[in-house]
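Please read the structure below before turning to the comments.
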Amino acid sequence: MRYQVLVRLKEGVLDVQGKAVESGLQDKRYAAIKNVRVGRVIELDIDGVASDAARSQVEEVCKLLLANPVIEQYEIKEVA
Amino acid sequence: MKVGIVVFPGTNCDQDIEHVYRSLLHVETVRIWHRDTALPNVDVVVLPGGFSYGDYLRTGALAKLSPVMEAVKKFADGGGKVVGICNGFQILCESGLLPGVLLENVGRRFLSRFVHMRVDSTTSFFTAGLPKGSVITCPIAHFQGNYFADAETIRELEAHGQVVFRYCDEAGQQRDTDTTVNVNGSVHSIAGITNQRGNVVGLMPHPERAVELLAGFVGQDSGLTPFKNSVAA
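Chains as they are written, first to last, in the working numbering: chain A, 38 to 117; chain B, 38 to 270.
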């Protein structure tokens, strides 16, 4: 099974990368583009584990390592 | 008295820490490799600065999974003295030994410069012997030093006197919104915190780089006293 984890900063947490991207775009006259937020996609395979158990392992590693719950939220998608 | 210095792949301030304890304070030190599962017999554990695991994923995130961190946690739970400086602070936050997290600096720049920090609490072993309100001048060198925690956590830290260092101007004045003073944009100008017990301390500035009166701009030694305190009987 292949999973995709999308990790993003929570609403309200300052995203300096997003700000940098936004100001770069505005320099190029894309003034209409606002509120840029940069996240991260992590893909991983889990083999030889039942589907439910696989999903809960992904949940576990999200909490353990992939996201920091103080500032980040995550979404898990099964992609294959 | 013996000080353990933890080395992760990418740690680069371990020699500075060793110099402070060995050459200046004449205290024995021992390096602890991050793969070690037990600590040698030490009185203080230092997590020095650097770029553990290349800062991959988030600063300090991968280091928290190193086997040695289980041992450091156990040591801290038993009341052992632990101080994390710069990347060491980030590792302590990621490990849950200290609350909060270090975000990227508000100015979106790596900052390498001198700062002033005020001693705001003497409840920790690292600040115990320092006069409250005194100012330490020392360098910072970080891209992620913007201390952040939710409002509730900040209230708790403040209520229990857990904010040990705050960025301030030369005269010791706190200026939260002035980025020439609160250079990275930390909440309440927080530069360093401790746990409630006072035995785990983390800070972004590098007092170990301001321990000797040398020629030129390095002429600062106000960083030495916290290290002296850490090994006081």
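C-beta atoms are modelled at their ideal positions from N, C-alpha and C, and glycine is treated no differently.
Rounded to whole angstroms, what is the Cα-Cα separation between residue i and residue j?
i                     : j                     : result
residue 216 (chain B) : residue 132 (chain B) : 29 Å
residue 157 (chain B) : residue 117 (chain A) : 54 Å
residue 272 (chain B) : residue 99 (chain B)  : Chain B is shown only over 38 to 270; residue 272 (chain B) falls outside these bounds and no answer can be derived.
residue 242 (chain B) : residue 84 (chain A)  : 45 Å
residue 50 (chain A)  : residue 62 (chain A)  : 21 Å
residue 56 (chain A)  : residue 141 (chain B) : 12 Å
residue 83 (chain B)  : residue 49 (chain B)  : 13 Å
residue 220 (chain B) : residue 174 (chain B) : 14 Å
residue 61 (chain B)  : residue 139 (chain B) : 30 Å
residue 65 (chain A)  : residue 99 (chain A)  : 36 Å
residue 42 (chain A)  : residue 90 (chain B)  : 21 Å
residue 69 (chain B)  : residue 229 (chain B) : 24 Å
residue 58 (chain A)  : residue 113 (chain A) : 25 Å
residue 268 (chain B) : residue 186 (chain B) : 30 Å
residue 56 (chain B)  : residue 121 (chain B) : 16 Å
residue 72 (chain B)  : residue 103 (chain B) : 6 Å
residue 214 (chain B) : residue 78 (chain A)  : 34 Å
residue 97 (chain A)  : residue 96 (chain B)  : 20 Å
residue 124 (chain B) : residue 251 (chain B) : 26 Å
residue 262 (chain B) : residue 205 (chain B) : 18 Å
residue 162 (chain B) : residue 194 (chain B) : 16 Å
residue 225 (chain B) : residue 93 (chain A)  : 38 Å
residue 88 (chain A)  : residue 95 (chain A)  : 11 Å
residue 72 (chain A)  : residue 53 (chain A)  : 11 Å
residue 74 (chain B)  : residue 108 (chain B) : 6 Å
residue 196 (chain B) : residue 59 (chain B)  : 36 Å
residue 65 (chain B)  : residue 169 (chain B) : 29 Å
Leaving out the 5 sequence neighbours to the left and right, which residues in its chain are closer than 7 Å to residue i when beta-carbon positions are compared?
i                     : result
residue 101 (chain B) : 128, 131 and 132
residue 237 (chain B) : 113, 119, 129, 134, 135 and 231
residue 108 (chain A) : 46, 47 and 50
residue 180 (chain B) : 141, 142 and 147
residue 47 (chain B)  : 87, 88, 89, 90 and 91
residue 227 (chain B) : 184, 200 and 203
On the premise that residue j lies in contact with residue i, defined as a C-beta separation below 8 Å, what is that separation, rounded to the nearest angstrom?
i                     : j                     : result
residue 155 (chain B) : residue 202 (chain B) : 7 Å
residue 198 (chain B) : residue 160 (chain B) : 5 Å
residue 126 (chain B) : residue 240 (chain B) : 6 Å
residue 104 (chain A) : residue 44 (chain A)  : 5 Å
Less than 8 Å between C-beta atoms, sequence neighbours within five positions excluded: which residues of the same chain meet that for residue i?
i                     : result
residue 67 (chain B)  : 39, 40, 41, 42, 77 and 79
residue 176 (chain B) : 149, 150, 151, 152, 242, 243, 246 and 247
residue 190 (chain B) : 136 and 137
residue 106 (chain A) : 100
residue 44 (chain B)  : 51, 68, 69, 70, 71 and 85
residue 111 (chain A) : 42, 43, 44, 45, 99, 103 and 104
residue 70 (chain A)  : 59, 62 and 63
Leaving out the 5 sequence neighbours to the left and right, which residues in its chain are closer than 6 Å to residue i when beta-carbon positions are compared?
i                     : result
residue 222 (chain B) : 143 and 183
residue 178 (chain B) : 149
residue 39 (chain A)  : 82, 116 and 117
residue 171 (chain B) : 156
residue 192 (chain B) : none
residue 145 (chain B) : none
residue 249 (chain B) : 258
residue 165 (chain B) : 159 and 266
Positions along the stretch 125-157 of chain B whose CB lies within less than 9 Å of some CB in chain A: 130, 131, 136, 137, 138, 140, 141, 142, 143, 144 and 145
Segments of 4+ residues assigned as alpha helix (DSSP H) that fall wholly inside the stretch 92-128 of chain B: 104-114
Residues in the stretch 39-64 of chain A having any Cβ partner in chain B nearer than 8 Å: Within the stretch 39-64 of chain A, the residues whose Cβ lies closer than 8 Å to some Cβ of chain B are 50, 51, 53, 54, 56 and 57, listed in chain order.
Residue ranges of each alpha helix (DSSP H) within the stretch 41-88 of chain A, 4 or longer: 53-64
Every unbroken beta strand (DSSP E) within the stretch 69-95 of chain B, with a cutoff of 3 residues, ordered by chain: 81-84
Residues within the stretch 96-113 of chain A neighbouring chain B, beta-carbon criterion of under 7 Å: 102, 105, 107 and 108
Cβ-based contacts, 9 Å cut-off: residues of the stretch 156-187 of chain B near chain A: 183, 185, 186 and 187
Interface positions of the stretch 87-102 of chain B facing chain A (Cβ-Cβ less than 9 Å), listed along the chain: 94, 95, 98, 99, 101 and 102
Start-end ranges of the beta strand (DSSP E) lying completely within the stretch 189-246 of chain B, minimum 3 residues: 200-205, 227-231 and 237-240
Minimum length 4: unbroken alpha helix (DSSP H) runs contained in the stretch 124-163 of chain B: 124-132
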